[in-house]
Each structure stands twice: as C-alpha cells, then as structure tokens.
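Remarks on the structure that follows.
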Amino acid sequence: MRGLLGSKRFITSGLFIITLSFVTLSVFAQDQERNIRVNFITEQIKLDGVLDEAAWQNADKGGDFWQFFPTDTARAKYPTQFMLVYNDHFLYIGVRGEASSEKYVVSSLRRDFRGTTSDNVSLMFDTFKDGNTAFLFGMTPCGVQLEAFISQGGAAAGFNANWDQKWQLESKINDGYFILEAAIPFSSIKFRGGDTEWRMQCYRWDIGANEQSAWAHVPQNQLLSSLAFMNTMEFEKPLGKSRTPFSIIPYINTLASKDFVLGTTDSKLKFGCDAKIPLGNSMNLDITINPDFSNTEVDAIFTNLTRFEVFLPEKRQFFIDNSDLFGSFGSSRDANPFFSRRIGLARNSAGNTIENRIIGGVRFSGKLNEDWRLGFLNVQTDEDIDNGIASNDNMMLAVQKKMFARSNIGFFAINRQAFKDYDFLDSSKEYNRVIGLDYNLASANDKWIGKFFLHKSFQPNNSKGNLSSQAYLVFNTRKWRLSSDFVYVNEDFTSDLGFVPRRDIFKIGNSVTRTFYPSNGIINSNAFRLLSLRWLRPSLDLKQTDYENTFSWTAEFKNSAELEASIVNNYIYLLKEFDPTRTPGAIPLPGNQSYTFNQFQGTYQSSLANLFTYNFKTTLGEFYNGSIYSVGGEVAYRVQPWATFSVAFNYDGIRLPHPHADADIWLLSPKADITFSKSLFWSTLVQYSNQRQNLGINSRLQWRFAPLSDLHLVYNDNYITDNFGPRFRSINLKLTYWLNI
1 MRGLLGSKRF ITSGLFIITL SFVTLSVFAQ DQERNIRVNF ITEQIKLDGV
51 LDEAAWQNAD KGGDFWQFFP TDTARAKYPT QFMLVYNDHF LYIGVRGEAS
101 SEKYVVSSLR RDFRGTTSDN VSLMFDTFKD GNTAFLFGMT PCGVQLEAFI
151 SQGGAAAGFN ANWDQKWQLE SKINDGYFIL EAAIPFSSIK FRGGDTEWRM
201 QCYRWDIGAN EQSAWAHVPQ NQLLSSLAFM NTMEFEKPLG KSRTPFSIIP
251 YINTLASKDF VLGTTDSKLK FGCDAKIPLG NSMNLDITIN PDFSNTEVDA
301 IFTNLTRFEV FLPEKRQFFI DNSDLFGSFG SSRDANPFFS RRIGLARNSA
351 GNTIENRIIG GVRFSGKLNE DWRLGFLNVQ TDEDIDNGIA SNDNMMLAVQ
401 KKMFARSNIG FFAINRQAFK DYDFLDSSKE YNRVIGLDYN LASANDKWIG
451 KFFLHKSFQP NNSKGNLSSQ AYLVFNTRKW RLSSDFVYVN EDFTSDLGFV
501 PRRDIFKIGN SVTRTFYPSN GIINSNAFRL LSLRWLRPSL DLKQTDYENT
551 FSWTAEFKNS AELEASIVNN YIYLLKEFDP TRTPGAIPLP GNQSYTFNQF
601 QGTYQSSLAN LFTYNFKTTL GEFYNGSIYS VGGEVAYRVQ PWATFSVAFN
651 YDGIRLPHPH ADADIWLLSP KADITFSKSL FWSTLVQYSN QRQNLGINSR
701 LQWRFAPLSD LHLVYNDNYI TDNFGPRFRS INLKLTYWLN I
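Going by the UniProt record's numbering, the sequence shown runs without a break in its numbering and finishes at 741.
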C-alpha cells in the first residue's frame, strides 16, 4: 500500500514539474494592443453627465469596440466611446454610449447591480500589471454603481462584488445615446507611487440590442472579464503615492427574538467596530471587534440528494476583502483547506451546528510589490461551556508570488487551536494544522490554465501521510477545450477550517468539448462535451466506488437564451447504508452494494432582455435502484427599474422499491426586491421546505443614508409546516457608519 501511495505522489510531482514547462511555450496571441493617453488636468470637473469641460474636449478617446457577442469578429454595432483624465486626487471617467432605443434594461436601482441583467459600461484597471488582479467600476445608464475586486485572472470565481469603495457617478439619457461621468478617488485604488502605465479594459453589455463589446478584443471562448485581454493607459505624468484613508466602521444593533419551541425570549444591544488601516501603497490591515452579521443575506435553501456536504458562498463582509488570497488554495470541489464559513460555527455536544460568537479578528493583506502578495488572518472565537464548545484561535498565513506572464505560486499555513485546556475537549481535537504549496498556471493568452498543489495536515498524534494533492490542466481554444484532473485526498487529511467533502479518494477526470459557431439560424454557438469522472479508494486497493459519464449539448441563441441537454451514466458503490430521501425512520439503502443508473438532464434560460424571464431544469430517469423525476427553476418579472418579483421552485419525486421510502420533496421561494431609490431598498424572501418542515420569512429594509453607511431593519420568522405553528422569530435594527479619516 505504501508503494502505491508513493507511486502516486511521484506521478503527481512529475506532472507538476512537467506542466511548468508548458508556460515557456505560451505566447501572447491577442490582437495588437492599443493605448489611451490620460491627461493631467488642473481645472475642475463638474459631475453632471454633460462632458462640456475643456478637459473632455482635449482628452484622448477610446473607441472602436470589438463585439464579444453575438460574434467576436466584427466591430460593435452600437459605438461606445470613453475618455480618462486625472488630477492629484481623482481619476475621471467620461463615457458616451449609443443605443438602439431609450428603453434601457436596468433591473434595479440597488448598488452592485447584476451585470447580466442591466445595461452597463464597466472599466477594469490592472494597476500592478500582473494579469491576475484588477479593480472594476461599473455604471448603468440610470447612474447605478458597481465596484468589484477581480482576482484569479478574471475567472468567474474571482469576481467579488462585495468589495466596496466610495466614488461618484452621474448619468444622463439623451436621444439615441447616454452619458456617464464618474470620479474615482485614487485613495480607493491600490497602486504603486510613480506609476506611468496601467493595463485596462472597458467593456459594455447592451442587453436590449443583444450585444456585448469590449475595447480590447476578447475571443468568445474566454470570459469578457478575463485579464489576459487588456490594453494600456498612459498617464501624462507619474502618479503620486497611493493614499488609502484610515476608515472606522462602528455599528450598533438592537435585537429581540423568541424561540417558541423552547419557550424563551431574548433581547440584546450589541456594539462593535471594524477598522481599515492602510499600510504603505498597497497593504491593508483590517480589524474587527465583536462583529455582527445579522444583516447578511440569508442562504438559499436547497435539497441535497448526495452523501456529501454542499459548498455555500461566504457573504460576511469581514471575510470578503482579498478573500481570493486566503480561499483559492486547493480545489473548491474536492479539498479546499480554508473555508471562512467554518469560523463562527461549531458543533455542540449533541452534534448539532450552532452559531459560535466571534470575539474579534485581524486581517493583513495586499500587495508587497508587483510580484508578491501577502495575507495574514487571525480570528478568535468565544467559548460556550454549556454546549461543549472551546474558544479557538483561527489563523492563516498566505504568500503568493507571480510567475511568468500571469501564473503564480503560493504557500499557506493554517492553525486552528483551542485557546486553553477544557475538560470536555478530546485531546485529539486540541489543534489542527495544514500547510501547502499551490501553483496556478495561466498563460498570457489564457490558452493554458491549470492548478497543481500538495497539502499536508497535522493533528495530535497524527502527522504521517495526511496529504491532499491535485494536478489539473486545461487547453482552451476557440473550438476545443480539453481538460484532465487528478485529485488525491488521504483518509486522514483533515482541515477543520476547510471544505473537504470526501476523504480517501483518488479522483480522475477528463473532458473534451468541441464548439461550433453556425453562420445562419437562431443558434449563435453550440458545443458537444464528453466528461468522465472516476473515484477510487486507496485504502481499499484502489477500488472504484463512483463514476460519472456525461454526454452533453449546449446551445447559446442569438437572443442570448441558453439550452443544455445531458445524458448521464452513474455508478455508486455504497460502503455504508444511505437514505437519499432523508426520511425520518426510513429504511436506508443497504451498504456494500453497487448501483448503476442513467438519467436525462436539461436546463433552459430565457433571454434576460425581456421583462418576463424564466429558467428551468429537469432530471428524469433511474436513481439508485428506483427512479427520479425532478423539475425546478425560477420565473421573474421586472418593473424597471423599481422592482423584481420572482418565484423559485424545485420538486424532487423519488420512488424506491419496498421497503425503502418514497419522497416528494418541495422547495418554494417567492421573493420581492424593491428599490424605491438609489438609497432605499426593501427585499422579502419566503422559503418553504417540506423536507425541513419549515416556512421561513426574511424581510430586509435598507437605507443607505451616506456612502457605504446603512440602516438595516431585518425581520425573520420561521414556522413549523406540520401545523404552521411559530418556531422562531426575531427583529433587529442595525446602524453602520463608514467614517474616513
């Protein structure tokens, strides 16, 4: 057995080394790069959406956008022109966008709008010219703002719209065109003093015209947000030092709640504070004391028919900034060593997951220079003696260095350790430590991407083996996408602060995708994909316990609607008994037995340009030794730009042979999202689950009375669905103020 594991480690290491050589073969293959000159000005710019100042008349113009959709071989049908000027304190942006009509698609007046459902123009600034991170500022014709931190080279997982900054925007809609005029403080952007050039991209979503376009040409097989495809902005004179302000963000929260099951009531008055302290040009120290996340949006309910935990995204503000530096190590699907949602949750003596109060924390993160990034996080959680929960120190150190054109190599160390000795704490749970090395491959033109890592965990009296590793490589061109994935997770690998749904696995994944671009008809592009996944158990002499073979066809229509159809062949060898219906008292499917079943899956998303939109998904066929019929989706209607009303639904009908349980599992989630203005918002979400026997109501009123400063009124109510009796109810009023010093 040791020989087998040693061989796998040798193979994984070999793949790691060999693949590094591919980097030297990649060449920059995008179209000729264009430049835009950014003039230094001394005159005042009045933000009014007019662009009548002399500075705008003399500014260099960026235009002649390339289409990204429906084709990437033609210029944009509706032109966009942008200009940039600056002074000692602000970078000014002026945009003129021609449109097919004055009926713009703007789904909401809420800040941080969804780019795929609102007409918008967005600018990305790669201030360190590393092709890996950038700052994005988006604007709609109605003057709604979006800012986001872009990481991981612009991959979908690296788009973080929870990054917040203060900046100004004014807009004006005219006959056949709109004007955007913005002022971005240099204090809101990290950069190097003395810079004379940044890389940048400007792209536009014109949903009404079904057109997406960009200043730097982006191939359709890439993402529009990819940082591999950018041009250059040249400042007239070198920039001064980055002067990020010292920010203090105090809060006060009043909370009243009642637990109808336990018959208890509670009321609290909570205080806390966050602080953001700049360190040099591009580092930041974040401090939180007694944080409160009661205004954080609730998680969507889901039905889990698998044997494994489901990954849910982080939504708490303290953990968002530079989150990629901490959370992008490992594999998000197979073995992620740091998952910040673990902090603030704990299992009580009965094995139930409950909230665990965070006393405070610090986070030191950012750029040391063009090549190096550094992150350090330390959060202290409180003890809960009554529930058998220890106070823990949760720490992570992350270091990342740029390699070659856009790749990077990173090292991390994680430590979760009980703050003191507790009588109820088992000695094996005193601490957990994980160290690891990751290499993220991204060629200059994004044709080659990959990830390679080796991680090791340490627990009391358990430090041998405990490895997880991956070798993942993708070759991506306009017509072909080929990928291979090898993952190994030792049965003793443990990361208390991570997301590791399976242990004792050796996973092998391969896929081939061929994309076609028809010249005629309603289909803009369509692709055929073959995917093969295999899971082996090293502790059982590499016994195959699961496989999944999928053949799929996807189509993107010229009106931006999308369709996918798949045939899936599954194999599962249950080592332990399992009830996929999770019915109380039901007889589970027996373990030590194999199950082979086939399914058809389909999804459809209508065009987002319409006021009435819908999507659906369905699965039908075999399920273990029975059958399944599932259907779900969402219907929505927009009253632009004031409100969106939607209903999400999901039904799973499972039929298993006697004596196992059948199940009809329903999820229903109506939602109303109303924006009275650019500063007053109200959303109400109702979630019904017959499997959880719960009807939940979450209603949130938000008043943004000053930039990044909010008053939240949040009402939560939960009912037991058997008799619709009340279960738990709470209401809280939270005031947060963002003060720059």
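Ideal Cβ placement from N, Cα and C applies to all residues, glycine included.
Backbone CA spacing between residue i and residue j [nearest angstrom]
{"i": "K190", "j": "S101", "result": "38 angstroms"}
{"i": "N592", "j": "K576", "result": "6 angstroms"}
{"i": "F724", "j": "L695", "result": "8 angstroms"}
{"i": "N690", "j": "Y651", "result": "10 angstroms"}
{"i": "C202", "j": "N231", "result": "9 angstroms"}
{"i": "Y170", "j": "D662", "result": "Residue identity differs from the one stated: residue 170 is Glu in this sequence, not Tyr. Roughly 57 angstroms separates the two Cα atoms."}
{"i": "S187", "j": "L574", "result": "56 angstroms"}
{"i": "M283", "j": "M83", "result": "29 angstroms"}
{"i": "S709", "j": "W553", "result": "46 angstroms"}
{"i": "A636", "j": "K671", "result": "9 angstroms"}
{"i": "L701", "j": "T736", "result": "14 angstroms"}
{"i": "W738", "j": "F578", "result": "50 angstroms"}
{"i": "F557", "j": "Y604", "result": "11 angstroms"}
{"i": "H658", "j": "W666", "result": "22 angstroms"}
{"i": "E197", "j": "D64", "result": "21 angstroms"}
{"i": "A648", "j": "S669", "result": "5 angstroms"}
{"i": "L454", "j": "Y439", "result": "9 angstroms"}
{"i": "G633", "j": "Q67", "result": "31 angstroms"}
{"i": "K401", "j": "K451", "result": "15 angstroms"}
{"i": "K276", "j": "I287", "result": "7 angstroms"}
{"i": "W682", "j": "W372", "result": "42 angstroms"}
{"i": "N598", "j": "E548", "result": "10 angstroms"}
Residues near residue i by beta carbon distance below 6 angstroms, same chain, minus five either side
{"i": "S151", "result": "T133, G158, D324"}
{"i": "N740", "result": "P245, S247"}
{"i": "F339", "result": "G498, F499"}
{"i": "V686", "result": "P670, I697"}
Exposure of residue i, with buried meaning 16 or more beta-carbon neighbours within 10 Å
{"i": "N520", "result": "exposed"}
{"i": "F412", "result": "buried"}
{"i": "I18", "result": "The predicted position of I18 is uncertain, since its pLDDT is 41 and thus under 50; a value taken from the coordinates is nonetheless stated next. The residue is exposed, with fewer than 16 neighbouring Cβ atoms inside 10 Å."}
{"i": "P337", "result": "buried"}
{"i": "Q470", "result": "buried"}
{"i": "F149", "result": "buried"}
{"i": "W480", "result": "exposed"}
{"i": "L542", "result": "exposed"}
{"i": "N732", "result": "buried"}
{"i": "K734", "result": "buried"}
{"i": "A99", "result": "buried"}
{"i": "A300", "result": "exposed"}
{"i": "G410", "result": "buried"}
{"i": "S428", "result": "exposed"}
{"i": "E383", "result": "buried"}
{"i": "T127", "result": "buried"}
{"i": "V379", "result": "buried"}
Integer Cβ distance of residue i from residue j, believed to fall under 8 angstroms
{"i": "D504", "j": "V489", "result": "7 angstroms"}
{"i": "V95", "j": "T117", "result": "In fact, because the Cβ distance is near 20 angstroms, the residues do not count as touching under 8 angstroms."}
{"i": "V38", "j": "V105", "result": "Contact flag wrong, Cβ pair sits at about 31 angstroms."}
{"i": "N466", "j": "D492", "result": "5 angstroms"}
C-beta contact flag for residue i and residue j at 8 angstroms
{"i": "L136", "j": "M124", "result": "yes"}
{"i": "E309", "j": "P501", "result": "yes"}
{"i": "D112", "j": "L146", "result": "yes"}
{"i": "K270", "j": "N253", "result": "yes"}
{"i": "G330", "j": "K172", "result": "no"}
{"i": "Q693", "j": "D722", "result": "yes"}
{"i": "A398", "j": "G375", "result": "yes"}
{"i": "F251", "j": "D206", "result": "Here residue 251 turns out to be Tyr, not Phe, going by the sequence shown. It is not a contact, given that the beta carbons lie outside the stated cut-off."}
{"i": "A390", "j": "A418", "result": "yes"}
{"i": "F326", "j": "L285", "result": "no"}
{"i": "N35", "j": "E236", "result": "no"}
{"i": "T545", "j": "S566", "result": "no"}
{"i": "S679", "j": "F705", "result": "yes"}
{"i": "F178", "j": "P238", "result": "no"}
{"i": "I654", "j": "F616", "result": "no"}
{"i": "D88", "j": "G240", "result": "yes"}
8 angstroms Cβ shell around residue i - same chain, five flanking residues per side excluded
{"i": "N718", "result": "N694, L695, G696, I697, P726, R727, F728, R729"}
{"i": "residue 750", "result": "Here the chain has residues from 1 to 741 only, and residue 750 is not among them."}
Own chain residues within Cβ distance below 7 angstroms of residue i, not counting five before or after
{"i": "N162", "result": "Q317, I320"}
{"i": "K77", "result": "A209, E211"}
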